Amino acid sequence: MERRRYWLFKSEPDEFSIDDLRRAPQGTQRWDGVRNYQARNFLRDHVKIGDGVLFYHSSTREPAVAGTATIVREGYPDPTASDPGSPYCDENHDPSRPRWYSVNLCFESKFVTPLTRGVLAGHPVLSGMMVMRRGMRLSIQKVRATQWRAVLKLARKLSSKADE
DNA sequence: GCCAACGTTGGC
DNA sequence: GCCAACGTTGGC
């Protein structure tokens with residue numbers, strides 16, 4: 086049995102936020118519009134059903150890990166690539182040889198207290214996350230199991246503090 | 001709004 | 001195949 090893998094998906098909350106995911110039908114959403122080959126390879130080849138996803142809000146006043154999600158459908162051709170009405174439409178796209186891929190993910194949790202970069206930077210494990218690297222703009226990133234556990238633990242800790 | 005870092009494009 | 005120019009990302 087293969088080990089569960091973990092990922093970080095970046096999204097600008099103005100475009101699509103953790104709340105949007107929670108409110109989606111069945112809490113499930115297609116992750117489309119990825120137009121970077123490295124991220125595409127992850128979606129096409131490595132992201133599997135049941136994998137855990139850290140939902141990261143980028144390009145916003147306070148970038149943060151906002152919650153978690155689960156992969157519910159594995160890589161399949163991204164329909165927006167051949168949709169003339171979509172801003173993600175790829176003019177050179179040949180549907181018989183799909184170039185861009187989507188997965189579906191399902192809402193799992195929203196953190197009461199989002200884990201901001203400041204908080205992550207102060208953590209011995211999480212300061213080493215890929216997303217913390219300067220200039221790192223890959224929108225789908227690998228997350229280590231130790232990092233995943235540390236994120237959930239820290240999120241629980243900060244949430245209980247917020248309740249006091 | 002600034003700007004560093006990055007990925008892509010296209011001329012050669 | 002190189003690499004300069006360009007557009008984009010994304011933290012600050």
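The working numbering puts the first residue of the first sequence at 86, with every later residue one more than the last.
We treat Cβ as the ideally placed atom computed from N, Cα and C, and that holds for glycine.
Since the structure is predicted, the reported quantities are computational estimates derived from the model, not experimental observations.
- Rounded to whole angstroms, the gap between the alpha carbons of Gly-213 and Gly-152 is 19 Å.
- For the set Phe-127, Tyr-186, Trp-185 and Gly-160, the Cα lying nearest the Cα of Val-228 is the one of Phe-127.
- In the DSSP assignment, Asn-121 falls outside any beta strand (DSSP E), carrying neither H nor E.
- Linking Asp-117 to Ala-230 through their CA atoms gives a straight-line distance of about 25 Å.
- Exclusion of the five residues before and after Gly-112 leaves Leu-106, Cys-191 and Phe-192 as the residues of its chain whose Cβ lies within less than 7 Å of its Cβ.
- In this structure Asp-248 is exposed. Its beta-carbon is surrounded by fewer than 16 other beta-carbon atoms within 10 angstroms.
- Inter-residue distance for Pro-183 and Ala-109 is about 26 Å (C-alpha atoms, whole angstroms).
- The beta carbon of Met-215 sits closer than 8 Å to those of Leu-93, Met-221, Leu-223, Gln-226, Lys-227 and Val-228, all from its chain and outside the five residues before and after it, given in chain order.
- In terms of CA proximity to Val-188, Pro-162 leads the group Ser-181, Glu-147 and Pro-162.
- For Lys-246, the enclosing alpha helix (DSSP H) starts and ends at 230–248.
- Burial state of Tyr-186 is buried, judged by a 10 Å Cβ sphere holding 16 or more other Cβ atoms.
- Taking the C-beta atoms as reference points, Thr-145 is found no nearer than 7 Å to Pro-199.
- Residue burial annotation: Ile-156 is buried, with at least 16 other C-beta atoms found within 10 angstroms of its C-beta.
- Taking C-alpha positions only, Arg-90 is separated from Val-197 by approximately 24 Å.
- Under a 10 Å Cβ-count criterion, Tyr-122 is classified as exposed, with fewer than 16 other Cβ atoms of the shown protein chains found around its own Cβ.
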